[in-house]
Every structure is written in C-alpha cells, then in structure tokens.
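This report refers to the structure that appears directly beneath it.
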C-alpha cells in the first residue's frame, strides 16, 4: 500500500506514571476538553470517546464531509465491563451506557456531532486492528475514487479484570490520520507485509503507539509484529 498522510493527531499516556496494576492511563484532568461539544453531551462521554473525538476533530478541523474508518481492538471495554458488572449484580442497565458501548458508537457520534454525512465503518481485528483499518481505507481510496479518508484508532489500557489476557503493553492511546492517494501537504508512506520474525521488545507496544511515535519522530522505517506476519511502514518523503 502507498498513500499520503496529510495530517495526523496522536495522544498517548505512555509517559504517565505506571499504575500498580501495570497500566498507563490518562487522569480525568488529562483528557481533551472538547469545547466544541455541548456540555450536556460532554457529560455522557467516556474517556475512550473523548480521545477518539478529539483526535478525529483535530485532523478534520474544517469539518469536511469525509469518509471515516474507525478502529479499536477492544472498543470502549471499560463501559462494557461496567455493564457486565451491573448484570452480575442483577441491576438494571443504563440505556445510554448500553447504546454507547457498541463498537461503532463513537463513529456514529462523530458523524452526528460534526454533521459528517459520508460513509463510516468500524474495524476490529485484534492486535492488527489499525493496520486492517488502513487496508480498508486504502481500498476505499482506490476503488471509490475518493480524495481522502479519515482513519481513527483508539484503545485504552485494559480494565483490571482483563489484565490476565494482555499480550502487549497497556497504554491509553489514540491516533487519527487523514490519508489520500495523491500528494497534498503530507508525507508519503508505504506499508508492506513480510515474513514473521522476532522483533525487539518495542513489538510489545500497541501498533497505534508505534505508528504514532513513527510519525512524530520522522524516522524512515517502523517495524510491526502481527499475529501471522510482520509489517514494514516506510516514509518515502
């Protein structure tokens, strides 16, 4: 795949003090303020949704009617875990909480709040969720004759109850990119698959963080380890 990243926004709690349960999480005071969202709506938003809406809005600041591909490995798992706790205690579920726990809730909310009437979809593909979102966005650029696609990836550190299943470092993060197939003002990238080989311990970082760090650093190459193969991300400009 070859495309241009015309704009990006990256948030990560990787530099926050690690909690005793091995997670890097944003404090409530660290989360984006979302001044462009009405107060009554902001109060209903989870940390996951605030991160995703902030990065998406920063990248598409002109509110262009742009197709969107959201991705997340776990979705708003903290909200889902809270709902499961309520079920276990035989308590009634919050209708708002339930509606915002589904995997594509943030994508729908972004469309409503920004009046974005273009198509959107949400991808979940395990550790490679962001990469598969980029594959989907690239396919849209090539087949639908689109000028650009907004890609948004968001994940949080797992709730304590799920830490026994972790296979990567647990860090709150979000990455949004506005990609196109023709040069504008951005950086040209290629993404290629290769045979799976052991990588260094950075392979334990979520792909969203590794690509976010790569875009910030202006390095020429980033290697990612997937389930069945490795991926090479290269900057050509």
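Residue numbers (the working numbering): 232 to 468. Here a beta-carbon is modelled for each residue, glycine too, at the ideal position from N, C-alpha and C.
State the start and end residues of the unbroken beta strand (DSSP E) segment that holds residue 351.
351-354
Does the distance from the C-beta atom of residue 379 to that of residue 351 stay below 8 Å?
no
Rounded straight-line distance, which links the Cα of residue 303 to that of residue 311
Rounded to the nearest whole angstrom, the CA to CA distance from residue 311 to residue 303 is 14 Å.
When we look at the beta-carbon of residue 456 and count the other beta-carbons within 10 Å, is it buried (16 or more) or exposed?
buried
Sequence-distant residues of its chain with Cβ nearer than 7 Å to residue 388 (five each side left out):
254, 255, 256, 401, 402, 403
Could you check which residue in 369, 405, 426, 290 has the C-alpha nearest to that of residue 413?
369
Whole angstroms are fine: how far does the CA of residue 405 sit from the CA of residue 440?
A straight-line Cα-Cα distance of about 8 Å links residue 440 and residue 405.
Any heavy atom of the ligand GDP inside 7 Å of the beta-carbon of residue 317?
As presented, the structure is devoid of all ligands, the ligand GDP included, so that no description of it is given.
Helix, strand or coil: which one does DSSP assign to residue 273?
helix
Pairing CB atoms from the stretch 236-250 with CB atoms from the stretch 436-452, are three or more of them under 8 Å?
yes
Run through DSSP, which three-state label would residue 414 get?
coil
Shortest alpha-carbon distance to residue 449 belongs to which of 435, 420, 263, 260?
420
Between the CA atoms of residue 317 and residue 323 - distance to the nearest angstrom:
Rounded to whole angstroms, residue 323 to residue 317 spans 7 Å at the Cα level.
DSSP on residue 388, reduced to helix/strand/coil?
coil
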